[in-house]
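Quick note, the sequences are listed as chains A and B, same order.
So the first sequence is numbered by the working numbering: it starts at 1 and just counts up by one.
So the second sequence is numbered by the working numbering: it starts at 1001 and just counts up by one.
Before any comments, here is the structure.
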Amino acid sequence: MASPLKQFEIKSIVPIEVGGIDVSFTNSSLFMVIVITAITLFLVLGMRKGALVPGRWQSMAELSYEFIAGLVRDNIGQEGRAYFPFVFSLFMFILFCNTIGLVPYSFTVTSHIIVTFALAVLVFLGVTVVAIVKHKMKFFSYFLPKGTPLYMAPLLIPIEILSYLARPVTLSLRLFANMMAGHTMLKVFAGFVVALGYFGFAPMVVLIPLYLLELIVALLQAFVFTILTCLYLHDAIHLH
Amino acid sequence: MSVEAAKLIGAGLAVIGLAGVGVGIGNVFSAFITAVARNPAAQATVFPFTMLGFALVEAIALFALLIAFLILFG
């Protein structure tokens, strides 16, 4: 039986080498291009008609816009509207990456820690820069919540700093582990279906609800990444 | 004790943490059901936070699983 981890292998499609570094166009890059194309087609073709009473595609495009706009408005407030394009792009990219990865024989871009880590570090550095630019030196008052007695400060401040630095780690690890564990589990059950021959319908009965669960997890993880980004931006702008 | 045996025992110990995660997820949804039972109109407001809470607790489960796999296969 083939290893369930074989689906995460990176295969280079167009080998490119720049100064000794391998920057070839891999299947991961191919699927990122597919995701961006899918998002662009979905939004551009959906809004092509621009009718006052939306048809089906336009409804979906407007729904996704409204969903993230509501999220940004509720969690960051009025100043958050400047960050809406970033949050929207982040949400659509992760959502489409997760769901396109569920198609059989395709590749899940976000099932690699380096991809999710890059996104999480982007969010973390962006939020920190926003906070420092907005509050200058007062940014460090973030680590001592209001109203704590002074004798607790030496204990509390390192803990607060540690939990702040843990943000990119937990953000990336949550998305990566969900995607990798989910897809590995699907592959293992699919292996059972093939291995059991005529009794293969038994694991199949489990596999179908499992696929539904994976779809829910894909949508949920995109939502959680986005709402945590909004909450971190709220912390950065309003300093708690 | 061989390294292989120690790895298996370590992985087994690492997944004990998932007990807390089970309690946590039960807590989150129990609070959601109670809240909606007392005030059905609040369902739309409370649901996104329920999903957020569930995903955050599930992340802990995946951290424990990650440690177990690192011990087993690292």
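Yeah, the Cβ is synthetic: ideal placement off N, Cα and C, and Gly gets one too.
Just so it is clear, the structure is predicted and the values come from calculations on it, not from any experiment.
Assuming the contact rule is C-beta atoms closer than 8 Å, residue i and residue j should be a hit. Round their C-beta distance to whole Å, please.
i	j	result
G1010/B	I1060/B	Actually they do not touch by this definition, with Cβ atoms about 19 Å apart.
I132/A	F143/A	That belief does not hold up - the Cβ atoms of I132/A and F143/A are roughly 13 Å apart, past 8 Å.
G1024/B	V1057/B	4 Å
V1028/B	F1069/B	Contact flag wrong, Cβ pair sits at about 25 Å.
F107/A	S163/A	Contact doesn't hold; Cβ gap of about 34 Å is too wide.
V127/A	L233/A	6 Å
Can you tell which of the options has its C-alpha closest to the C-alpha of residue i?
i	options	result
F90/A	Y211/A, F107/A, Q78/A, A69/A	Note that residue 90/A is Leu in the sequence shown, not Phe. If we check each option's Cα against that of L90/A, A69/A comes out closest.
V121/A	R167/A, E62/A, C230/A	R167/A
L220/A	F1049/B, T1034/B, G1012/B	F1049/B
L213/A	L41/A, F86/A, V23/A, G182/A	G182/A
Chain B beta carbons: is any one of them nearer than 8 Å to that of residue i?
i	result
V224/A	yes
F170/A	Before going further, note that residue 170/A is Thr rather than Phe in the sequence given. It does; some Cβ of chain B falls within 8 Å.
A69/A	no
A181/A	yes
Give a yes or no on whether 8 Å exceeds the smallest Cβ distance from residue i to chain A.
i	result
F1032/B	no
A1006/B	no
L1072/B	no
M980/B	In the structure as shown, chain B begins at 1001 and stops at 1074. Residue 980/B is therefore absent and cannot be evaluated.
L1018/B	no
L1066/B	yes
Show which residues of chain A have a CB atom less than 7 Å away from the CB atom of residue i.
i	result
F1063/B	L173
Classify residue i: buried if its beta carbon has 16 or more other beta carbons within 10 angstroms, exposed otherwise.
i	result
Y151/A	exposed
S172/A	buried
E66/A	exposed
Q1043/B	exposed
M137/A	exposed
I227/A	buried
A1005/B	exposed
H238/A	exposed
R174/A	buried
Just the chain B side, please: which residues come within less than 9 Å of residue i by C-beta, in chain order?
i	result
N178/A	A1055, E1058, A1059, L1062
For residue i, go through chain B and note every residue whose CB falls closer than 7 Å to its CB, in chain order.
i	result
L220/A	M1051, A1055
Could you work out which residues of chain B lie near residue i, taking near to mean beta carbons separated by less than 8 Å?
i	result
I227/A	P1048, L1052
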